[in-house]
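The structure appears right after this line, and notes come after that.
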Amino acid sequence: MSMQVIIKLIATMLLVVIFISVQNNEAILPTAKTSSLYEEIEAKQKQYYIAPQDARIDKVWKKTPGLNGRKINVEKSYQNMKKSNKFNEKDLVFDKIPPKVSLQDLPSSPIYRGNEHKQKVTFLINVSWGEEFVPQILEILDKHHIKANFFIDGAFVQNNKQHVQMIEEAQHVIGSHGYNHPDFSKMDRNTAKENLEKANSILQAFTEEDIRLFAPPAGSFSSQTVEAADSLDMETILWSVDTIDWKNPTQEVLIQRVLARLHNGATILMHPTESTSSSLDQLIVLIKNEGYQIVDFPQLINENR
Numbered sequence: 001m002s003m004q005v006i007i008k009l010i011a012t013m014l015l016v017v018i019f020i021s022v023q024n025n026e027a028i029l030p031t032a033k034t035s036s037l038y039e040e041i042e043a044k045q046k047q048y049y050i051a052p053q054d055a056r057i058d059k060v061w062k063k064t065p066g067l068n069g070r071k072i073n074v075e076k077s078y079q080n081m082k083k084s085n086k087f088n089e090k091d092l093v094f095d096k097i098p099p100k101v102s103l104q105d106l107p108s109s110p111i112y113r114g115n116e117h118k119q120k121v122t123f124l125i126n127v128s129w130g131e132e133f134v135p136q137i138l139e140i141l142d143k144h145h146i147k148a149n150f151f152i153d154g155a156f157v158q159n160n161k162q163h164v165q166m167i168e169e170a171q172h173v174i175g176s177h178g179y180n181h182p183d184f185s186k187m188d189r190n191t192a193k194e195n196l197e198k199a200n201s202i203l204q205a206f207t208e209e210d211i212r213l214f215a216p217p218a219g220s221f222s223s224q225t226v227e228a229a230d231s232l233d234m235e236t237i238l239w240s241v242d243t244i245d246w247k248n249p250t251q252e253v254l255i256q257r258v259l260a261r262l263h264n265g266a267t268i269l270m271h272p273t274e275s276t277s278s279s280l281d282q283l284i285v286l287i288k289n290e291g292y293q294i295v296d297f298p299q300l301i302n303e304n305r
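Residue numbers for the sequence shown, in the UniProt record's numbering: 1 to 305.
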């Protein structure tokens with residue numbers, strides 16, 4: 001084959017490659033232009049950077065979860081924008097920056113709320129009685145596609161297995177409320193641990209997940225209570241907003257009580273009562289209207305923004 005023929009073949013092949021690239025809108029842009037876009041994305045790193053927040057022991061709110069930070073992934077963002085060769089905020093890709101200190105790194109301490117910069121809240125529903133209101137509460141939660149947290153007394157389970165099964169089947173979080181509604185503040189560490197183990201052994205029959213959350217009845221606990229729970233890899237959970245629904249307030253009073261105290265990371269305490277079951281539907285709508293997302297407790301305390 002002559003040199004001229006070879007040169008013609010190479011030229012033809014190059015023309016085919018260029019034609020295909022143009023057809024696919026992938027024509028190679030001038031180097032200076034693409035480099036300029038890449039540099040523009042790099043230059044905006046500081047503008048979009050958010051530093052991570054470490055988990056901490058707050059003086060008032062005790063164990064407080066941290067939050068991931070974020071930074072621009074320049075290369076992936078550039079790949080999203082190079083076709084148009086224009087900066088577009090919607091095409092930015094971010095990398096998470098995990099905090100150096102997470103909840104599991106902290107010493108045992110109760111958790112009262114989520115991170116104050118996270119616009120999410122959660123429902124803590126303590127169940128030792130009120131089984132007649134459980135189905136209606138579950139129905140309302142399902143209507144709004146909300147997952148809540150049910151802290152169930154081990155003794156309650158014995159006569160209300162069907163209600164616990166309903167809670168599990170609806171995929172709500174199941175936590176412990178101890179066994180037989182005791183006053184944990186009067187227990188030593190070993191007694192508290194035995195009580196939690198007894199409740200867990202009953203609750204574990206209804207869920208494949210380990211019981212990791214514990215809400216002490218009436219919010220009564222001591223440092224030994226928290227240490228006992230921690231020894232079982234359980235977090236002790238309190239609340240930051242109380243419906244006081246056990247006093248049977250009117251619907252208006254209950255709703256205003258919650259809305260007046262609502263905040264980022266709020267943990268809203270309630271029970272299966274007539275007041276809660278009649279107020280819950282409207283309460284959910286109003287909380288969402290305030291801009292909050294209602295999530296389960298694990299989502300509230302995770303490090304995702």
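Beta carbons are placed, not taken as given, at the ideal position from N, Cα and C, and that holds for glycine.
Outcome for residue i when other beta-carbon atoms lying within 10 angstroms are tallied against a minimum of 16
i           : result
GLY291      : exposed
THR250      : exposed
ASN248      : exposed
ARG113      : buried
VAL60       : exposed
GLU40       : exposed
PRO107      : exposed
TYR49       : exposed
SER36       : exposed
LYS193      : buried
SER109      : buried
VAL285      : exposed
ILE174      : buried
ILE287      : buried
SER277      : buried
ASN302      : buried
GLN53       : buried
GLU168      : buried
ALA27       : Residue placement at ALA27 is flagged as unreliable, the pLDDT there being 41, under the threshold of 50; a coordinate-derived value is accordingly withheld.
SER176      : buried
ALA199      : buried
ILE146      : buried
ILE57       : exposed
SER201      : exposed
residue 306 : Because the chain spans 1 through 305 in this model, residue 306 falls outside it and cannot be assessed.
Span of the beta strand (DSSP E) around residue i
i      : result
GLY69  : 69 to 72
LYS247 : From DSSP, LYS247 is part of no beta strand (DSSP E); its letter is neither H nor E.
PHE151 : 149 to 152
ILE237 : Segment: none, ILE237 is in no beta strand (DSSP E) and carries neither H nor E.
ILE97  : 94 to 97
Paired residues, beta bridge with residue i - DSSP
i           : result
GLN53       : LEU67
residue 306 : Outside the displayed span of the chain (1 to 305) sits residue 306, for which this structure offers no information.
ILE137      : Answer is none; ILE137 lacks a bridge partner.
GLY175      : PHE151
ASP105      : Per DSSP, none; premise fails for ASP105.
LEU213      : GLU235
LYS82       : Paired residue(s): none; LYS82 is not in a bridge.
ILE111      : LYS62, ILE237
GLN158      : According to DSSP, GLN158 bridges with nothing at all.
ILE294      : VAL121
Range of the contiguous alpha helix (DSSP H) that encloses residue i
i      : result
PHE297 : 297 to 301
MET187 : From DSSP, MET187 is part of no alpha helix (DSSP H); its letter is neither H nor E.
LYS86  : Here LYS86 belongs to no alpha helix (DSSP H), and DSSP marks it neither H nor E.
GLU131 : Where GLU131 is concerned, there is no enclosing alpha helix (DSSP H), given that its DSSP letter is neither H nor E.
SER220 : Premise fails: SER220 is in no alpha helix (DSSP H) and is neither H nor E.
GLU285 : The displayed chain sequence assigns Val, not Glu, to residue 285. It spans 274 to 289 - the alpha helix (DSSP H) in which VAL285 sits, taken as one unbroken run.
ILE167 : 161 to 169
TYR48  : 45 to 48
Cβ-Cβ separation, residue j to residue i (assumed contact under 8 Å), whole Å
i      : j      : result
PHE297 : ASN149 : 5 Å
VAL134 : ILE152 : That belief does not hold up - the Cβ atoms of VAL134 and ILE152 are roughly 10 Å apart, past 8 Å.
PHE264 : HIS117 : With the sequence shown as reference, residue 264 is identified as Asn, and Phe is not the correct amino acid for it. That pair is a contact at about 6 Å.
PHE94  : ILE72  : 6 Å
ALA55  : GLY66  : 4 Å
LYS62  : ILE111 : 7 Å
LEU213 : MET234 : 7 Å
PRO216 : GLY178 : 7 Å
ASP142 : ALA170 : 6 Å
Any non-hydrogen atom of the ligand GTP within 7 Å of residue i CB
i      : result
PHE123 : Absence of the ligand GTP from the depicted structure is noted, as is the absence of any ligand whatsoever, leaving it without description.
### Message
Would you call the stretch 131 to 140 in contact with the stretch 253 to 265, where contact means no fewer than 3 C-beta pairs closer than 8 Å?
### Response
Contact annotation: the stretch 131 to 140 does not touch the stretch 253 to 265, with fewer than three C-beta pairs closer than 8 Å.
### Message
Within 8 Å, do at least three Cβ pairs link the stretch 183 to 192 to the stretch 156 to 168?
### Response
The way I'd put it, the stretch 156 to 168 doesn't touch the stretch 183 to 192; fewer than three beta-carbon pairs between them come closer than 8 Å.
### Task
Examine the Cβ distances between the stretch 223 to 242 and the stretch 258 to 278 and report whether three or more of them are shorter than 8 Å.
The stretch 223 to 242 makes contact with the stretch 258 to 278, as at least three CB pairs between them are under 8 Å.
### Task
May I ask you to verify whether the stretch 69 to 77 touches the stretch 123 to 131, counting CB pairs closer than 8 Å and requiring at least 3?
Segments in contact, no.
### Query
Between the stretch 95 to 102 and the stretch 222 to 232, do three or more beta carbon pairs fall short of 8 Å?
At 8 Å Cβ cutoff, the stretches do not touch.
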